[in-house]
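All you need for this note's numbering is the position in the sequence shown, starting with 1, plus 3. For every residue, glycine included, the Cβ atom is placed at its ideal position computed from N, Cα and C. A short write-up of the structure that comes next.
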Amino acid sequence: MSKRQLKLGLVPTGVGGPGNYNRWLDPEIPANASVDVNWFADVARQAEDAKFDWLFIVDSQFITPNSPPHYLSRLEPLTLLSALAMVTRHIGLVGTLSTSYNDPFNIARRLASLDLISGGRAGWNVVTTGDAGTASNFSREEHFDYEERHSRAEESIEVARGLWRSYEDGALPRDRERKLFLDPSKLHSLNHKGRHFSVAGPLNIERSPQGEPIIFQAGDSNPGRDLGARFADAVFTHGSTLEATRAFRDDMRKRAASFGRDPDSVLISPGIKFVVGDTDADAVELERHYAEHDHSFDWALREFGRLFGWHDFTTYDLDAPFPAEVLKLAEKSWYTAAKAVTERAVAEKLSLRQVVEATQNRGRVASVGRGKPFVGSPVTVASSIAEWFENGALDGLNIYLEHPAQFRRFVAEVLPILREQGIVRTEYEGATLRENLGLSRG
């Protein structure tokens with residue numbers, strides 16, 4: 004049996020995602036990076052050269068003037084990933100598509116197209132959409148409620164998977180001598196009639212070398228965890244501490260088993276941010292420098308409203324107790340996150356200023372009791388990653404690409420240490436994303 008190895012994903016957020024309002028000022032980042040396909044192509048090639056498993060493109064479909072720079076103007080994920088498929092050969096290409104505002108036939112067809120274009124490297128990050136304002140862009144007066152969003156997501160995945168199996172292998176012999184293009188016995192309609200969707204099928208595209216796209220999912224609520232445990236091949240989460248992340252992994256494995264799945268088939272990949280310095284002290288100083296230059300309390304206060312349906316908190320007294328009554332505004336938005344923030348604020352008697360600062364700090368670098376494990380010398384950062392991996396906290400890492408110089412250091416100085424320990428691959432195992440993740444053909 005081959006040794007278990009760490010899976011690596013890269014999340015490029017161009018000119019700056021949540022909490023990184025001033026990152027676009029870095030002269031190494033083109034001011035239009037989020038819409039520059041050449042910038043993304045360069046990033047994808049760097050990640051592939053470093054033997055990363057996937058490139059992950061996040062998305063949303065609603066903005067306000069308070070959205071972070073990357074969100075204000077960015078390329079649609081599958082359009083971008085199709086372009087990147089032509090300049091890469093091995094790295095997985097994972098895009099976000101909402102089940103709330105896409106019909107499953109279109110989802111299945113677009114992803115199957117990317118899967119064929121890339122030779123079997125497509126992945127779908129399933130989201131239910133937390134931004135309540137999105138409804139106004141899709142001819143709806145209000146956003147779907149929590150239960151409806153997750154119910155639609157379950158049915159969307161079931162329909163997409165059914166459509167991906169419209170063609171059996173060998174259904175299209177394309178035999179010119181026999182004048183036989185299609186073997187109709189190997190083409191199947193779906194004839195799905197459910198609570199949300201009615202889809203006849205079949206899908207008008209054949210299967211890729213990996214069979215069907217990989218399912219990725221992120222969600223920390225109970226319905227979100229059940230969704231991931233039931234359907235996902237890989238689950239994204241936030242790595243706050245080793246203990247919390249290991250507890251999440253254990254919980255997801257138990258849930259997967261309850262759905263009759265092999266619990267080890269669900270890969271848990273928390274997102275991390277890192278800072279590499281010549282020494283631990285140097286890294287701490289670099290982290291402080293980035294915090295001062297990339298982050299802004301004023302911007303954090305404006306963006307804080309996103310959790311609560313983009314409620315405007317700029318008119319509140321910052322030093323008064325946190326207004327817990329605003330939680331009701333999050334019922335059709337990011338309710339799980341908003342509830343956690345509100346409950347902590349009430350329990351610890353925090354002011355609005357303290358809550359925003361705490362939320363802003365959480366977005367910087369993961370930390371544990373003895374300090375920040377992903378801030379330090381190359382040896383320190385590699386040792387922390389190895390510790391989390393070997394202690395069962397994770398199967399992979401979703402690494403945020405922030406400053407290009409830092410990513411180069413991670414690749415050149417941290418990964419070689421992990422490779423020497425046998426934790427990270429030296430070469431790709433196969434040609435498809437499923438093969439490289441150690442998953443069976445779909």
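Determine which residues share a DSSP beta bridge with residue 170 and list them.
Along the sequence shown, read from residue 1 onward, the residue named residue 170 stands at position 167. According to DSSP, which records beta bridges pairwise, residue 170 is partnered with 190.
Report the three-state DSSP secondary structure of residue 418 (helix, strand or coil).
Here residue 418 refers to the residue found at position 415 of the sequence shown. Residue state, collapsed to three classes: helix.
If you measure from the CB of residue 217, is any heavy atom of the ligand FMN nearer than 7 Å?
In the structure on display, the ligand FMN does not appear, and there are no ligands present to speak of.
Going by alpha carbons, who is nearest to residue 387 out of 278, 321, 296 and 110?
Walking along the sequence shown from the start, residue 387 turns up at place 384. The shortest C-alpha separation from residue 387 is found at 278.
Using the Cβ count rule (16 or more neighbours within 10 Å means buried), how would you classify residue 331?
The residue given as residue 331 occupies position 328 in the sequence shown. Exposed.
With DSSP run on the structure shown, which of helix, strand or coil describes residue 391?
Residue 391 sits at position 388 when you count from the first residue of the sequence shown. Helix.
May I have the straight-line CA-CA distance separating residue 437 from residue 321, to the nearest angstrom?
For the purposes of this step, residue 437 is identified with residue 434 of the sequence shown, where counting begins at 1. For the purposes of this step, residue 321 is identified with residue 318 of the sequence shown, where counting begins at 1. Their backbone Cα atoms lie some 49 Å apart in a straight line.
Put residue 372 into one of helix, strand or coil per three-state DSSP.
Working through the sequence shown from its first residue, we reach residue 372 at position 369. For residue 372, the predicted structure reports a pLDDT of 29, less than 50, and the residue's modelled location is therefore unreliable. The matter cannot be settled from this model.
contact_flag[the region 239 to 254, the region 393 to 403] where n(CB pairs < 8 Å) is 3 or more:
yes
In the structure shown, what three-state DSSP assignment does residue 271 receive?
Here residue 271 is taken as the residue at index 268 of the sequence shown, counted from 1. Residue 271 falls in the strand class under three-state DSSP.
Contact between the region 404 to 414 and the region 303 to 313 (3+ Cβ pairs under 8 Å)
Result no; under three Cβ-Cβ pairs closer than 8 Å.
Three-state secondary structure assigned by DSSP to residue 303:
Translated into the one-based positions of the sequence shown, residue 303 becomes position 300. Under the three-state reduction of DSSP output, residue 303 falls in the helix class.
Which same chain residues, not among the five before or five after residue 260, have their C-beta less than 7 Å away from its C-beta?
Here residue 260 refers to the residue found at position 257 of the sequence shown. For residue 260, where only same-chain residues beyond five positions count, the Cβ hits under 7 Å are 266.
Straight-line gap, residue 91 to residue 51 (C-alpha atoms, nearest Å):
Translated into positions along the sequence shown, residue 91 becomes position 88. Translated into positions along the sequence shown, residue 51 becomes position 48. In a straight line, the C-alpha of residue 91 is about 7 Å away from that of residue 51.
Using a Cβ-Cβ cut-off of 7 Å (strictly less than) and excluding sequence neighbours within five positions of residue 358, which residues of its own chain qualify?
Working through the sequence shown from its first residue, we reach residue 358 at position 355. So the list reads 325, 344 and 348, once near-sequence residues are dropped.
Which word fits residue 405, buried or exposed, when buried means at least 16 other C-beta atoms lie within 10 angstroms of its C-beta?
For the purposes of this step, residue 405 is identified with residue 402 of the sequence shown, where counting begins at 1. Counting Cβ neighbours within 10 Å, residue 405 comes out buried, since at least 16 surround it.
Under the three-state reduction of DSSP, which class applies to residue 434: helix, strand or coil?
Taking the first residue of the sequence shown as 1, we reach residue 434 at position 431. DSSP places residue 434 in coil when its eight states are reduced to three.
Suppose contacts are defined by Cβ-Cβ distances below 8 Å. Is residue 440 in contact with residue 389 by that definition?
Residue numbering aside, residue 440 sits at position 437 when the sequence shown is read from its first letter. Residue numbering aside, residue 389 sits at position 386 when the sequence shown is read from its first letter. No, Cβ-Cβ distance for residue 440 and residue 389 is not below 8 Å.
Quick one, are the C-beta atoms of residue 342 and residue 148 less than 8 Å apart?
Here residue 342 refers to the residue found at position 339 of the sequence shown. Here residue 148 refers to the residue found at position 145 of the sequence shown. No, the Cβ-Cβ distance between residue 342 and residue 148 is not below 8 Å.
What ranges does the alpha helix (DSSP H) occupy inside the region 93 to 138, keeping only unbroken runs of at least 4 residues that lie completely in it?
107 to 120
In chain order, what residues of the same chain have a beta carbon less than 8 Å from the beta carbon of residue 427, not counting five sequence neighbours either side?
As a first step, residue 427 must be located in the sequence shown, where it is residue number 424. So the qualifying residues of the chain are 8, 9, 11, 54, 418 and 421.
Rounded to the nearest angstrom, what separates residue 94 and residue 191 at their Cα positions?
For the purposes of this step, residue 94 is taken as residue 91 along the sequence shown, with counting starting at 1. For the purposes of this step, residue 191 is taken as residue 188 along the sequence shown, with counting starting at 1. Taking the CA atoms as reference points, residue 94 sits about 31 Å from residue 191.
Is the region 110 to 130 in contact with the region 74 to 92, if contact means three or more CB pairs nearer than 8 Å?
yes
Could you please give me the residues that DSSP links to residue 211 through a beta bridge?
Numbered from 1 along the sequence shown, position 208 holds the residue referred to as residue 211. Residue pairing by DSSP places residue 211 opposite 214 in a beta bridge.
Between the region 173 to 180 and the region 102 to 117, do three or more beta carbon pairs fall short of 8 Å?
no
Under the three-state DSSP convention, the category residue 183 falls into
Here residue 183 corresponds to residue number 180 of the sequence shown, with the count starting at 1. Three-state result, residue 183: strand.
Span of the alpha helix (DSSP H), counted from its first residue to its last, around residue 42:
Counting from one through the sequence shown, the residue named residue 42 turns up at place 39. Counting along the chain, the alpha helix (DSSP H) containing residue 42 begins and ends at 40 to 52.
So residue 218 and residue 234 are supposed to be a Cβ contact under 8 Å. How far apart are they, rounded?
In the sequence shown, counting from the first residue as 1, residue 218 sits at position 215. In the sequence shown, counting from the first residue as 1, residue 234 sits at position 231. Contact between residue 218 and residue 234 is confirmed by a C-beta separation of about 5 Å, below the 8 Å threshold.
Going by other Cβ atoms of all chains shown within 10 Å of its Cβ, with 16 needed for buried, is residue 203 buried or exposed?
One-based indexing of the sequence shown puts residue 203 at position 200. Per the 10 Å Cβ criterion, exposed.
Counting only runs of 3+ residues fully inside the region 338 to 366, write out the beta strand (DSSP E) ranges in chain order.
none
Residues near residue 113 in its chain [Cβ-Cβ closer than 6 Å; skip 5 each side]:
Within the sequence shown, numbered from 1, the residue matching residue 113 stands at position 110. 81, listed in sequence order.
Beta carbon of residue 297 nearer than 8 Å to that of residue 69:
One-based indexing of the sequence shown puts residue 297 at position 294. One-based indexing of the sequence shown puts residue 69 at position 66. Result no, Cβ atoms of residue 297 and residue 69 do not sit closer than 8 Å.
Residue burial classification, residue 292 (beta-carbon count within 10 angstroms, cutoff 16)
The sequence position of residue 292 within the sequence shown is 289, counting from 1. The residue in question, residue 292, is exposed, as its Cβ has fewer than 16 Cβ neighbours within 10 Å.
Inter-residue CB distance, residue 163 and residue 111 (contact presumed, cutoff 8 Å):
As a working mapping, residue 163 is identified with position 160 in the sequence shown. As a working mapping, residue 111 is identified with position 108 in the sequence shown. That pair is a contact at about 4 Å.
If you compare alpha carbons, which of 194, 198, 199 and 213 is closest to residue 2?
The first residue shown for the chain is 4 and the last is 445, placing residue 2 beyond what the model contains.
To the nearest angstrom, how far is the alpha carbon of residue 166 from that of residue 108?
Residue numbering aside, residue 166 sits at position 163 when the sequence shown is read from its first letter. Residue numbering aside, residue 108 sits at position 105 when the sequence shown is read from its first letter. Their Cα atoms are separated by approximately 7 Å.
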